[in-house]
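Working notes, structure below.
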Amino acid sequence: MASLNVGNLGEYLREQRRTAQLSLRQLADAAGVSNPYLSQIERGLRKPSAEVLQQVAKALRISAETLYVRAGILDEREREELETRAVILADPSINERQKNVLLQIYDSFRRENGFDVVPDTGAEVHEAAGAESRIDADADGGTGDANGARPDARGPRKAGGSDADPPAN
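Per the numbering used here, residue 1365 is the first one in the sequence shown, and the count goes up by one each step.
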């Protein structure tokens, strides 16, 4: 059986398994895959699906995105963006509305800097955040305008501008 150029992935998985002090059989059981199949992955003879990689990552307690990059399913930039999003979403010190606002800002900065936003990573969350922001503006006594902009010490925000814009003189 010819190698499918996933040796880098297999070597990495073997290293992670050994670091976790797990036998091949123990990892296979924990990930819900067969022992021979996992052995073939480690030897670079089989290319696992994203689902299998996710199960293995969970069993090893490592990032599935890292395995996706090593398997060629995800490119490095997409992984970095997904990890940034995961950190924001996992932060227990901010509420859901704040997380959604941060993700919207992050997306707008990435677009402004010429980067595409990874598709299917929370578009529904962003739409919900927009609706939630409008509800918050209404609930605070109407201090926000129709676009959700709120006046501050510098005066009303320009349409399409950001709070990071310097005040016009």
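Even glycine gets a Cβ: it sits at the ideal position worked out from N, Cα and C.
DSSP-derived helix/strand/coil call for residue i
i, result
"V1397", "coil"
"N1477", "coil"
"L1391", "helix"
"G1374", "helix"
"Q1468", "helix"
"L1402", "helix"
"D1484", "Reliability fails at D1484, whose pLDDT of 42 lies under 50, so the model's placement of it is uncertain and the value that follows must be treated cautiously. Residue state, collapsed to three classes: coil."
"Q1385", "coil"
"Q1380", "helix"
Residue i burial status per 10 Å Cβ neighbour count (16 or more: buried)
i, result
"N1425", "Sequence check: residue 1425 is Arg here, not Asn. R1425 should be labelled exposed."
"D1480", "exposed"
"E1445", "buried"
"E1460", "exposed"
"E1406", "buried"
"N1477", "exposed"
"N1464", "buried"
"R1441", "exposed"
"P1412", "buried"
Alpha helix (DSSP H) segment containing residue i, residue limits
i, result
"K1422", "1414-1424"
"L1453", "1440-1454"
"L1409", "First-last for L1409: undefined, no H or E at that position."
Sequence-distant residues of the same chain with beta carbon closer than 7 Å to residue i, five excluded per side
i, result
"Q1404", "R1410"
"A1428", "L1417, Q1418, A1421"
"A1423", "L1391, A1394, A1395"
"Y1376", "R1434"
"I1437", "A1414"
"L1453", "K1463"
"L1466", "I1452"
Beta-carbon proximity list for residue i, same chain, < 6 Å, skipping 5 on both sides
i, result
"R1443", "E1429, V1433"
Cut-off 8 Å between Cβ atoms - residues of its own chain near residue i, not counting five sequence neighbours on either side
i, result
"A1510", "Caution applies to A1510, whose pLDDT of 41 falls short of 50 and renders its modelled position unreliable; the model cannot decide the point."
"L1388", "R1381, N1399, L1402, S1403, E1406"
"T1448", "Y1470"
Min CB distance residue i to chain D below 8 Å
i, result
"L1446", "Checking the listed chains, one finds no chain D in this structure; it contains a single protein chain."
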